[in-house]
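Report on one structure; see the data block that follows.
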């Protein structure tokens, strides 16, 4: 039990770090510079009387107009340590989904390198 709690804590900590970093880097992506859909992470309130994936699809339907389009855009539903989903969205869709009830924060997904430059371990000697 304690190991699961600690693992959940670490996952939440990693998500908070990711949110903070993505928040700083997402301004350009959300400014409308990119016309094609990009994967975004949408953080939501935890649904109360509904399965998380159904709630995520319903949130996307309100922006994309159909369940088929919502299911096609949905990349992944987060259900355990955080509540939310990742989906392929245009900048206009990001703006719209951000206004939906229960949506807390939207950030563009990305990969960030923690270390840069050459040398690695050899630089320590």
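Residue numbers (UniProt numbering): 1 to 125. Beta carbons are placed, not taken as given, at the ideal position from N, Cα and C, and that holds for glycine.
Expected contact under 8 Å - CB spacing of residue 61 and residue 53 to nearest Å | Translated into the one-based positions of the chain shown, residue 61 becomes position 61. Translated into the one-based positions of the chain shown, residue 53 becomes position 53. Between residue 61 and residue 53 a beta carbon distance of about 12 Å is seen, past the 8 Å cut, so the two are scored as non-contacting.
Three-state secondary structure assigned by DSSP to residue 81 = Residue 81 sits at position 81 when you count from the first residue of the chain shown. Look at residue 81 here: in three-state DSSP terms it is coil, with no helix or strand label.
Is residue 89 buried or exposed, if buried means 16 or more other CB atoms sit within 10 Å of its CB?
-> Looking up residue 89 in the chain shown gives position 89. The residue is buried, with at least 16 neighbouring Cβ atoms inside 10 Å.
Return the bridge partner residues of residue 87 from the DSSP annotation.
-> Here residue 87 refers to the residue found at position 87 of the chain shown. The partner list for residue 87 (beta bridge, DSSP) reads 40 and 74.
Measure the C-alpha to C-alpha separation of residue 48 and residue 36 and round it to an integer number of angstroms.
-> Start at 1 with the first residue of the chain shown, and residue 48 comes out as number 48. Start at 1 with the first residue of the chain shown, and residue 36 comes out as number 36. Distance between the alpha carbons of residue 48 and residue 36 is about 33 Å.
Is the beta carbon of residue 83 sitting closer than 8 Å to the one on residue 45?
-> Locating residue 83 in the chain shown gives position 83, where the first residue counts as 1. Locating residue 45 in the chain shown gives position 45, where the first residue counts as 1. Yes, they are a contact pair.
Spatially closest choice to residue 75 from 93, 91 and 41, by CA coordinates = If you number the chain shown from 1, residue 75 lands on position 75. Of the candidates 93, 91 and 41, the one whose C-alpha sits nearest the C-alpha of residue 75 is 41.
Does the beta-carbon of residue 59 have 16 or more other beta-carbons within 10 angstroms, so that it is buried, or is it exposed?
-> As a first step, residue 59 must be located in the chain shown, where it is residue number 59. By the neighbour-count rule (16 or more Cβ atoms within 10 Å), residue 59 is buried.
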